[in-house]
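A.B. asks: Dropping the structure in here first, questions after.
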Amino acid sequence: GRILAGAVVSKDIMGGVVSINEGAWYDPENLTDENPRCNAGHVNLLTSSRPTSTMAQATSINTCLVAIKKVDAKAYAGVKTPIIKGA
18 GRILAGAVVS KDIMGGVVSI NEGAWYDPEN LTDENPRCNA GHVNLLTSSR
68 PTSTMAQATS INTCLVAIKK VDAKAYAGVK TPIIKGA
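All residue numbers for the sequence shown refer to this note's numbering, where the first residue is 18 and numbers rise by one.
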């Protein structure tokens with residue numbers, strides 16, 4: 018799969034390791050592509066859907082290999098700056 022996500026280099030994460038939180042809704046850039054990029058960063062596109070065992074049925078999210086590259090892309094349109102109202 019392919020996702021678009023922001024990145025921050027941090028001393029809190031070991032070099033060569035990526036940490037991406039889940040929770041984004043799938044928002045494909047172009048459904049006519051064979052492998053459309055999700056512009057919302059839906060991390061499940063990068064993980065296997067195979068369960069870890071027949072007993073646990075857990076996901077195998079800690080075994081993903083990823084390639085990262087810098088792209089020139091617009092910010093995700095689904096995220097809008099909230100309006101903050103006074104108390």
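Quick reminder that beta carbons are idealized off the backbone N, C-alpha and C, glycines included. For clarity, every value in this text was computed on a predicted model and none was experimentally measured.
(1) Beta-carbon of D50 versus every beta-carbon of chain C: anything under 8 Å?
(2) Tell me whether the beta-carbon of L62 lies closer than 8 Å to the beta-carbon of G18.
(3) Just to confirm my understanding: we take N56, look at its own chain, exclude 5 residues before and 5 after, and list those with CB closer than 7 Å. What are they?
(4) What's the call for G95, buried or exposed, on a 16-neighbour Cβ count within 10 Å?
(5) According to DSSP, what are the bridge partners of C55?
(6) Quick test of your reading: V60 and I85, contact by CB under 8 Å. State the CB separation rounded to the nearest angstrom.
(7) In angstroms, rounded to a whole number, what distance separates the CA positions of G40 and G23?
C.D. replies: The relevant details are as follows:
(1) Here there is only one protein chain, and chain C is not present.
(2) On the sequence shown, residue 62 is found 45 positions in, with the first residue counted as 1. On the sequence shown, residue 18 is found 1 positions in, with the first residue counted as 1. A contact, by the Cβ cut-off of 8 Å.
(3) Residue numbering aside, residue 56 sits at position 39 when the sequence shown is read from its first letter. The answer, listed in chain order, is L21, D44, E46, Y93.
(4) For the purposes of this step, residue 95 is identified with residue 78 of the sequence shown, where counting begins at 1. Answer is exposed; the Cβ neighbour count stays below 16.
(5) Here the question's residue 55 lines up with position 38 in the sequence shown. The partner list for C55 (beta bridge, DSSP) reads I20, P45.
(6) For the purposes of this step, residue 60 is taken as the residue at position 43 of the sequence shown. For the purposes of this step, residue 85 is taken as the residue at position 68 of the sequence shown. Between I85 and V60 the Cβ distance is about 13 Å, and since that is not below 8 Å, they are no contact.
(7) For the purposes of this step, residue 40 is identified with residue 23 of the sequence shown, where counting begins at 1. For the purposes of this step, residue 23 is identified with residue 6 of the sequence shown, where counting begins at 1. Between G40 and G23, the alpha-carbon positions lie close to 14 Å from each other.
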